[in-house]
Amino acid sequence: MEHSDSAIIALLKEGDQRVFEQVFKTHFKNLHSYAYTFLKDDELAEEVVQNVFCRIWEKRGQLKTDGSIKAYLYRAVHNESLNYLKREKVKANFEVYYTGQMEQQEGESAEKVMATELEQRIRQALNELPQQCRTIFQLSRFEQLKYQQIADHMGLSVKTIENQMGKALKLMRAKLAEFLTLLFILWINR
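Following UniProt numbering from start to finish, the sequence shown increments by one per residue and tops out at 190.
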């Protein structure tokens, strides 16, 4: 028994399951193909069409259309497909942003850990230097005094300061060589 579109809509609003099933069977396949043109995925297209029909059944009492039921269904599938794509795009953009933020934070955390570790290793290596070497190194590198200023301050010759700095740098390099190599490898792999 054929019904006009207005009769079908009226029967749907009244909750006529047979009419609903007939509309579903009549239009599902074509609506699925239409949704597929947007989504490029069979399962998603099927899900979108099923969601449209579920929503129609759930809100059948508020169904508002004066035109053709076919046009209404196509418009609903069109909108549902586009809404799905928009949600996925927003989700993908958020995931890219979130992943970037996490990688940045992990990178910053790793850099902080490496900087702290390097600072501890330098402090330890400094403490192992002979007293005069350590003092000269600290005045040169941390106080940024020139060799002449250090020599004047300590009452030593510039040549002694140069020799002590050479000794300090050699010992520091030896103590930190393994750690600096590891640091360099980690830095390159970032």
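Note that the Cβ used here is the ideal one computed from N, Cα and C, for glycine as well.
Proximal residues to residue i (C-beta, below 6 Å), its chain only, five neighbours per side dropped
i	result
D5	S68 and I69
G166	none
K175	A125
C-beta contact flag for residue i and residue j at 9 Å
i	j	result
F137	Q164	yes
F20	I56	yes
V90	V49	no
S81	L39	yes
L139	Q149	yes
L31	Y84	no
Start-to-end residues for the alpha helix (DSSP H) that takes in residue i
i	result
K25	Q17 to L39
S6	D5 to K13
Cβ shell of residue i (< 7 Å), same chain only, five flanking positions each side left out
i	result
Y36	D42 and A45
K159	none
Q132	Q164
Sequence-distant residues of the same chain with beta carbon closer than 8 Å to residue i, five excluded per side
i	result
T135	M154
M172	I122, A125, L126, L129 and F137
F179	E117, L118 and R121
Please give me, in chain order, every unbroken run of the beta strand (DSSP E) with length at least 3 that falls completely inside the stretch 43 to 67. Positions of the beta strand (DSSP E) runs, each at least 3 residues long and wholly inside the stretch 43 to 67, cannot be given because no such run exists.
Which runs of the alpha helix (DSSP H) at least 4 residues long sit entirely within the stretch 105 to 176? Give them in chain order. Segments of the alpha helix (DSSP H) lying fully in the stretch 105 to 176: 131 to 141 and 147 to 154.
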